[in-house]
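Each remark here refers to the structure printed beneath this line.
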Amino acid sequence: MLSGLVIVDKPQGWTSHDVVGRMRRLAGTRKVGHAGTLDPMATGVLVLGINKATRLLTYIVGTSKTYTATIRLGESTVTDDAEGDVTAVHSAAAVTAEAVRAGVADLTGEIAQVPSSVSAIKVNGERAYARVRSGEEVTLAARPVTIHRFEVHGLRPVRDGEALDVDVTVECSSGTYIRALARDLGNTLGVGGHLTALRRTRVGPYTLDQARTLEELAEELDVLEMSTAARALMPNRELSDEETTEISFGRRIAPGPSAGTPDAPTAEMPAAAFAPDGTLVALLADSGSYAKPVLVFAPDNEKRAAKQSTAEQQADQ
11 MLSGLVIVDK
21 PQGWTSHDVV
31 GRMRRLAGTR
41 KVGHAGTLDP
51 MATGVLVLGI
61 NKATRLLTYI
71 VGTSKTYTAT
81 IRLGESTVTD
91 DAEGDVTAVH
101 SAAAVTAEAV
111 RAGVADLTGE
121 IAQVPSSVSA
131 IKVNGERAYA
141 RVRSGEEVTL
151 AARPVTIHRF
161 EVHGLRPVRD
171 GEALDVDVTV
181 ECSSGTYIRA
191 LARDLGNTLG
201 VGGHLTALRR
211 TRVGPYTLDQ
221 ARTLEELAEE
231 LDVLEMSTAA
241 RALMPNRELS
251 DEETTEISFG
261 RRIAPGPSAG
271 TPDAPTAEMP
281 AAAFAPDGTL
291 VALLADSGSY
301 AKPVLVFAPD
311 NEKRAAKQST
321 AEQQADQ
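Numbering-wise, the sequence shown is residues 11 to 327 according to my numbering.
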């Protein structure tokens with residue numbers, strides 16, 4: 011059964027669900043999921059999991075991301091991006107490069123961010139964007155996010171100099187809304203702002219260099235094999251034959267070499283455990299004096315059990 015990750019370069023205008031639907035047809039399976047939504051306007055890295063690899067998506071969702079984006083200062087929209095109606099226009103002619111960089115610096119590091127009102131966050135069981143589209147005013151609670159890097163690459167006057175486009179790169183924690191950064195930068199500068207372009211270039215260890223367009227994937231399905239995907243994503247642990255057998259049956263083993271340190275595998279970010287032949291056997295978390303499997307991938311539990319039973323029978327004869 012085909013299992014692994016597919017790194018897609020999502021096209022503009024497609025929803026993440028659209029891409030999942032297309033991959034289900036290409037891979038010939040219903041069991042396909044994604045590790046973090048991209049808005050229809052956005053392009054770039056969308057990580058998909060096929061069959062058993064969908065179990066890795068939980069750990070990919072929480073990784074940091076990198077984006078390139080264009081922020082237009084001088085115009086606010088209802089969606090904080092170019093897909094929404096313009097709600098306010100202010101001249102950005104007096105906004106200087108120094109002011110932009112100061113505003114960006116204020117939005118770098120650990121910040122409390124109010125998500126866009128048209129996000130997919132649920133409010134009393136209903137998506138925020140659905141409430142906004144029905145005419146309701148929605149204000150979401152601020153949440154902590156970390157902006158590791160917010161770098162300005164260029165400023166370009168537009169609309170006869172009344173608006174200003176700012177090209178940026180943002181490296182951030184999971185849960186950050188780049189639209190909200192555009193809105194907040196504009197508000198900080200007193201002219202409003204929204205996002206006009208967004209491209210995701212990295213999700214955790216997976217980059218745009220690995221991504222393939224849907225057209226390319228239709229010609230040749232490029233799947234990142236489970237073991238390779240897990241090695242890049244999380245800490246690694248090499249198992250002995252005996253440990254491989256124990257773990258494949260869901261049993262505990264001795265903790266890894268990093269036990270008791272801040273780098274020790276946890277349920278939130280376990281270690282990828284590999285058999286001597288390089289096969290991904292399980293995800294392991296240290297728990298005191300032992301390591302326990304969080305997920306077991308070994309496809310040959312029954313084969314191992316049969317071999318063990320046969321060996322025991324031969325020993326008895």
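Positions of the beta carbon are idealized from the N, C-alpha and C atoms, including for glycine. On a predicted model such as this, the values are computed, not experimentally measured, just so you know.
Can you name the start and end residues of the alpha helix (DSSP H) that residue i belongs to?
i	result
TYR69	67-71
ILE257	251-258
VAL287	Position check: residue 287 holds Asp in this sequence, whereas Val was assumed. Here ASP287 belongs to no alpha helix (DSSP H), and DSSP marks it neither H nor E.
ALA115	107-116
Under the rule that 16 or more other beta-carbon atoms within 10 Å means buried, what is residue i, buried or exposed?
i	result
ARG159	exposed
GLY164	exposed
ALA321	For ALA321, the predicted structure reports a pLDDT of 43, less than 50, and the residue's modelled location is therefore unreliable. The matter cannot be settled from this model.
LYS317	Confidence at LYS317 is low in this model, with a pLDDT of 47, below 50, so its placement is unreliable and the value that follows should be read with caution. The residue is exposed, with fewer than 16 neighbouring Cβ atoms inside 10 Å.
MET11	exposed
SER13	buried
PRO275	buried
ALA152	exposed
ASP296	buried
HIS27	exposed
LEU49	Looking at the sequence shown, residue 49 is not Leu but Asp. Its Cβ being crowded by 16 or more others within 10 Å, ASP49 is buried.
SER126	buried
SER250	exposed
ASP194	buried
ASP273	exposed
THR25	exposed
THR149	exposed
GLY59	buried
THR97	exposed
GLY362	Shown here, the chain extends from 11 to 327; a query on residue 362 therefore has no answer.
ARG40	exposed
What would DSSP say about residue i, mapped onto helix, strand or coil?
i	result
LYS313	Note that LYS313 scores a pLDDT of 46, beneath 50, so its modelled location is shaky; the value from the coordinates is reported in the next line. In the structure shown, LYS313 sits in a helix (DSSP, three-state: H, G or I).
SER237	helix
VAL201	coil
ARG261	coil
SER297	strand
ARG159	strand
GLU181	strand
ALA52	coil
ALA321	Here ALA321 scores only 43 on pLDDT, less than 50, and its place in the model is too uncertain to base an answer on.
ARG40	coil
ARG169	coil
GLY59	strand
GLY164	strand
GLN327	With a pLDDT of 41 at GLN327, under the threshold of 50, the modelled position of this residue cannot be trusted, and the question is left open.
THR64	helix
ALA242	helix
ASP28	helix
ALA190	helix
ASP95	coil
ASP219	helix
Closest by CA to residue i, which one among the options?
i	options	result
LYS75	TYR300, ASP251, VAL180	VAL180
PRO280	ARG65, GLY185, HIS44	ARG65
THR186	VAL306, ALA109, ALA292, GLY119	GLY119
VAL57	ILE257, LEU67, SER86	LEU67
ASP219	VAL16, LEU12, MET11	VAL16
GLU85	VAL162, ASP19, VAL18, ALA192	ALA192
ASP287	ILE157, ASP273, THR255, MET244	THR255
ARG293	PRO303, THR89, GLU229	Note on identity: in this sequence residue 293 is Leu, with Arg being the wrong assignment. Of PRO303, THR89, GLU229, the residue nearest in Cα terms is PRO303.
ALA242	ALA45, PRO275, ALA282	ALA282
PRO265	ALA274, ALA301, ASP251, VAL233	ALA301
GLU252	PHE284, PRO50, VAL213	PHE284
ARG82	SER258, GLY203, GLY72	GLY203
ALA79	ALA308, VAL176, GLU225, ASP95	VAL176
PRO267	GLY298, LEU290, ALA240	GLY298
SER184	PRO21, ILE70, LEU195	ILE70
ALA103	ALA269, LEU199, PRO215	LEU199
THR238	GLY54, ASP19, VAL291	VAL291
VAL201	GLU248, HIS100, VAL213, ASP19	HIS100
PRO215	MET236, GLU229, ALA240	ALA240
VAL178	ASN197, ARG169, ILE157, GLY171	ILE157
THR53	ARG35, THR73, VAL18, SER258	VAL18
LEU36	GLU230, ALA45, ARG166	GLU230
What span of residues does the beta strand (DSSP E) with residue i cover, start to end?
i	result
HIS100	First-last for HIS100: undefined, no H or E at that position.
GLU85	85-87
GLU120	119-123
GLU225	Premise fails: GLU225 lies in the alpha helix (DSSP H), 224-229, not in any beta strand (DSSP E).
GLU248	246-248
THR150	The sequence as given places Leu at residue 150; Thr does not occur at that position. Here LEU150 belongs to no beta strand (DSSP E), and DSSP marks it neither H nor E.
GLY14	14-20
Using a beta-carbon distance below 7 Å, is residue i in contact with chain B?
i	result
VAL55	Considering every chain present, this structure includes no chain B. It has just one protein chain.
State yes or no: is the C-beta of residue i nearer than 6 Å to some heavy atom of the ligand COA?
i	result
VAL88	The ligand COA is not part of the structure shown, which contains no ligands of any sort.
* Asked: With a cut-off of 8 Å, do at least 3 Cβ pairs link the segment 108-117 to the segment 205-215?
  -> Judged by Cβ distances under 8 Å, the segment 108-117 makes no contact with the segment 205-215, as fewer than three pairs qualify.
* Are the segment 219-237 and the segment 87-95 touching, with three or more C-beta to C-beta distances below 8 Å? -> no
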